[in-house]
Amino acid sequence: RLGQLSEQVLNQILQGGDLHRWGLAAAPKASLNFGAAGIGFALARMSRASGAPYLLAAADAWIYRAAADKDAADAFYDDDEFRRDQLGETSPYHSLCGIYAARALLAGLGYCPELGPGQVHRYMATVELSVENRDLNLGIAGALLGTALLYEWWPLQALREYGDRLATGLTDWLLAEGPMRESRAQI
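In this note's numbering, the protein residues as written are 1 to 187.
Laid out in structure tokens, this is it:
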């Protein structure tokens, strides 16, 4: 049953399928969490698991589509559920830095590996650090998680130092908050 579902989804997102042909209908169209970058990332992971190189090429096409749509009003946000004021621009899951992360991870799997370090640097440059937002998904913790995932494939000194700065900032904040039962942080 899962095989049938996977096949149906692949038929939609691979070349010739409706989603591949027409793209995503609703925002966020480019994000790693819900958009084209996420489809590309999933295809890259499927390629790694199955050894099917055609899935890497399909992943590249989806991530390219995400990058091409990055400046569109509906690339990462909408006026309802995915609002910029709620999601911010720190999370790799909901902002431009996620496209760079997806491209770097794709390169780490061997698809145009020469692009990887440049995409890692774009990721770091694009993350907007918000000292107020410690949310695991949307804030510094999410950016740190994205950085850790990238470091697995691209153990660059600059990325290590960047991750250390993120971890230090997060740790300092947590220590300042004190034990959870005494925390002033709002959950």
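Glycine included, each C-beta is placed from N, C-alpha and C at the ideal position.
Rounded C-alpha distance that separates residue i from residue j
| i | j | result |
| --- | --- | --- |
| Pro53 | Gly88 | 35 angstroms |
| Ala36 | Ala102 | 10 angstroms |
| Arg45 | Gly3 | 16 angstroms |
| Asp71 | Arg65 | 11 angstroms |
| Ala49 | Leu109 | 11 angstroms |
| Trp62 | Gly40 | 5 angstroms |
| Leu24 | Pro155 | 34 angstroms |
| Ile13 | Ser6 | 11 angstroms |
| Leu105 | His121 | 13 angstroms |
Proximal residues to residue i (C-beta, below 7 angstroms), its chain only, five neighbours per side dropped
| i | result |
| --- | --- |
| Ser31 | Ala37, Gly38, Phe76, Tyr93, His94, Gly98 |
| Ala107 | Pro113, Leu115, Gly116, Gln119 |
Status (buried if at least 16 other CB within 10 Å, exposed otherwise) for residue i
| i | result |
| --- | --- |
| Thr168 | exposed |
| Gly142 | buried |
| Thr90 | buried |
| Gln119 | buried |
| Asp60 | buried |
| Asp69 | buried |
| Pro179 | exposed |
| Ala67 | buried |
| Thr147 | buried |
Beta-carbon proximity list for residue i, same chain, < 6 angstroms, skipping 5 on both sides
| i | result |
| --- | --- |
| Met124 | Tyr162 |
| Gly16 | none |
| Leu55 | Leu43, Met46, Ser47 |
| Leu96 | Lys70, Thr126 |
Proximal residues to residue i (C-beta, below 8 angstroms), its chain only, five neighbours per side dropped
| i | result |
| --- | --- |
| Pro28 | Phe34, Gly35, Asp74, Ala75, Phe76, Tyr77, Asp78, Phe82, His94 |
Minimum Cβ-Cβ distance from residue i to chain D less than 8 angstroms
| i | result |
| --- | --- |
| Gly38 | The displayed structure is made up of one protein chain only, and chain D is not part of it. |
| message | Going residue by residue through the segment 43-99, where are the continuous alpha helix (DSSP H) segments of at least 4 residues, counting only ones entirely within it? | response | 53-68, 84-87
| said: Quick check on the DSSP output: what are the complete alpha helix (DSSP H) runs of length 4 or more inside the segment 4-33, in order along the chain? | reply: 18-22
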